[in-house]
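Letter 177 of the sequence shown, counting from 1, is numbered 177 in the UniProt record's numbering, and no numbers are missing. Beta carbons are placed, not taken as given, at the ideal position from N, Cα and C, and that holds for glycine. None of the values given here were measured: they were computed from a predicted structure.
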Amino acid sequence: METSVAGRRRTTTRHSAEDQALDQIAKEAEARLAAKRQARAEAREIRMRELERQQKEAEENADRVFDMCTDANRAMRVTPDPVRASRLLAGTNNFQSSRRSSEDSLEDAGLGRDLRIELKEFEEKFRKAMIANAQLDNEKSSYSYQVDLLKDKLEELEEMTAQLRRELREKNREAEQSKRLSQRLKEDLDICRAQLLERDTLIQENGLVIVEDEGSEGEETQKENGPVVRKRVLVSTEAAELLQNAGEGSLDVRLRKFASEKKEQQDEIRHLRLELEEARNRMRPERSSGSVLGLSDSEDAQREANKLLADYKFKLQKAEQDMSTLQATVARLESQVIRYKSAAEASEKAEDELKVEKRKLQREVRESQGRVEELETANSHLQRRLDKLKNAKSALLKEL
Numbered sequence: 001m002e003t004s005v006a007g008r009r010r011t012t013t014r015h016s017a018e019d020q021a022l023d024q025i026a027k028e029a030e031a032r033l034a035a036k037r038q039a040r041a042e043a044r045e046i047r048m049r050e051l052e053r054q055q056k057e058a059e060e061n062a063d064r065v066f067d068m069c070t071d072a073n074r075a076m077r078v079t080p081d082p083v084r085a086s087r088l089l090a091g092t093n094n095f096q097s098s099r100r101s102s103e104d105s106l107e108d109a110g111l112g113r114d115l116r117i118e119l120k121e122f123e124e125k126f127r128k129a130m131i132a133n134a135q136l137d138n139e140k141s142s143y144s145y146q147v148d149l150l151k152d153k154l155e156e157l158e159e160m161t162a163q164l165r166r167e168l169r170e171k172n173r174e175a176e177q178s179k180r181l182s183q184r185l186k187e188d189l190d191i192c193r194a195q196l197l198e199r200d201t202l203i204q205e206n207g208l209v210i211v212e213d214e215g216s217e218g219e220e221t222q223k224e225n226g227p228v229v230r231k232r233v234l235v236s237t238e239a240a241e242l243l244q245n246a247g248e249g250s251l252d253v254r255l256r257k258f259a260s261e262k263k264e265q266q267d268e269i270r271h272l273r274l275e276l277e278e279a280r281n282r283m284r285p286e287r288s289s290g291s292v293l294g295l296s297d298s299e300d301a302q303r304e305a306n307k308l309l310a311d312y313k314f315k316l317q318k319a320e321q322d323m324s325t326l327q328a329t330v331a332r333l334e335s336q337v338i339r340y341k342s343a344a345e346a347s348e349k350a351e352d353e354l355k356v357e358k359r360k361l362q363r364e365v366r367e368s369q370g371r372v373e374e375l376e377t378a379n380s381h382l383q384r385r386l387d388k389l390k391n392a393k394s395a396l397l398k399e400l
């Protein structure tokens, strides 16, 4: 039993050391993860500023191109047509031109109007195309930023999933160790129960009786501070009857009562011996001069005294034997009770601790499994969103 208790202590110490090591590893992993998250956040901010700058430059370029096109259109509108001017000048100089020249001038005027209308239409289309291009560029930048964010989140979720899986494996390993330790403790408990059953069988076979200590004032004082286990003593049937006849109280009180009775008997025997010596001394001078009747009376008194003395000696010897037997039995049973009590308390305490640890580990395993399932669901959802964004991006690129 002592070996098993020592083994459990070593296991508990090793378990605490493993817990400290695992806690240190978890703290380092959390620190690394926090550093990675901070670095990603900084990179995300830098990337966002870069995208905003690129978007602003694209808008400025689009505005610049649009302004250039507008200036060119205005210049084309302000600049006079040399052909038309020459024709108008010729018309003023030659008012009476031919019919064909007038028809050509009308056709040229209609052609100029058509060209101006087509130019306006092309300018409007170009402006719309530039606006659409800028919008598409903005959407492309926004989608790229969202894709980068989703990639970062996906990487973080993958890291968290891997960390949770490692923690789950560690918790499963600890749970297996706890199960093995619980099995060993159950085996030790079965061994203790078998030993107790064997002890009870031996007690019954030898005709012994377990006497329980009824407690004392000191034990009553200890009850206020905590539970007190009463002492039990293994004695013979005769000794149990003697202790029962001795009255109520603890074993120490009963043994003190036996000791006081023994002392009283010894004092009484000593007193009787003194009386016997005095009677003998008185009877010596009377023997020489006394009659036959006096001699017979003294002989009867002597016989009574001897008989009484023999009875007291026998009782004294028997009491001494019983006392020594009880003391040896008390010492032996107290040592056994202390040993069994310590072993039982250690087993019960270890069993309770293992039950608490088992429930705690089962709860942590369930929580870890729930977190893993949630992360897997979020991972699959983010993967679907990423696929949709990739498809939308590819469709936009095809349209462009």
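- Counting only the Cα atoms, Ala58 lies some 19 Å from Glu123.
- Nearest in C-alpha terms to Ala344, of all of Lys186, Leu157, Arg32, is Lys186.
- Looking from the CA of Ser347, the closest CA among Cys192, Ala319, Asp267, Ala132 belongs to Cys192.
- Here the C-alpha atom of Ala132 lies approximately 47 Å from the C-alpha atom of Gly370.
- Excluding sequence positions up to five before and after Ser141, its CB lies within less than 7 Å of the CB of Leu51, Gln54, Gln55, all in the same chain and listed in chain order.
- The beta carbon of Leu189 is closer than 8 Å to those of Ser347, Glu351 in its chain, skipping five residues each way along the sequence.
- Ser380 sits away from Leu164, with the two beta carbons spaced by 8 Å or more.
- Under the 10 Å beta carbon count, Ser178 is surrounded by 16 or more other beta carbons and is classified as buried.
- The beta carbon of Glu174 sits closer than 7 Å to the beta carbons of Leu361 from its chain, once the five residues preceding and following it are set aside; these are given in chain order.
- The alpha-carbon separation between Ile269 and Asp300 amounts to approximately 19 Å.
- For the pair Leu33 and Leu382, the CB atoms are not nearer than the 8 Å cut-off.
- Burial is judged here by how many other beta carbons sit within 10 angstroms of a residue's own beta carbon; Arg113 has fewer than 16 and is exposed.
- The Cβ atoms of Leu354 and Ser144 do not sit closer than 8 Å to each other.
- Looking at Ala331, Lys153, Gln20, the one whose alpha-carbon comes closest to that of Gln38 is Lys153.
- Burial is judged here by how many other beta carbons sit within 10 angstroms of a residue's own beta carbon; Val330 has at least 16 and is buried.
- With a cutoff of 8 Å on beta-carbon distance, Leu375 and Leu197 are scored as not near each other.
- About 6 Å separates the beta carbons of Leu389 and Val147, which is inside the 8 Å limit, making them a contact pair.
- Rounded to whole angstroms, the gap between the alpha carbons of Glu167 and Ile46 is 34 Å.
- Separation of Gln266 and Lys341 (C-alpha to C-alpha, rounded to the nearest whole angstrom) is 39 Å.
- By the Cβ-count criterion, Leu274 is exposed, with fewer than 16 other Cβ atoms from all chains shown falling within 10 Å of its own Cβ.
- No Cβ-Cβ contact shorter than 8 Å links Leu333 with Leu309.
- Relative to the Cα of Lys171, the nearest Cα in the group Ile203, Asp23, Asn306 belongs to Asp23.
- For the pair Leu326 and Leu276, the CB atoms are not nearer than the 8 Å cut-off.
- Note on geometry: alpha-carbon atoms of Lys125 and Leu136 lie some 16 Å from one another.
- Relative to Ala319, the option among Glu155, Val356, Ser260, Ile210 whose CA is nearest is Ser260.
- Beyond the five residues adjoining it in sequence on each side, Lys262 comes within less than 8 Å, by CB distance, of Leu316, Ala319, Glu320, Met323 in the same chain, given in chain order.
- Rounded to whole angstroms, the separation of the alpha carbons of Arg303 and Leu202 is 47 Å.
- The Cβ atoms of Thr161 and Val337 do not sit closer than 8 Å to each other.
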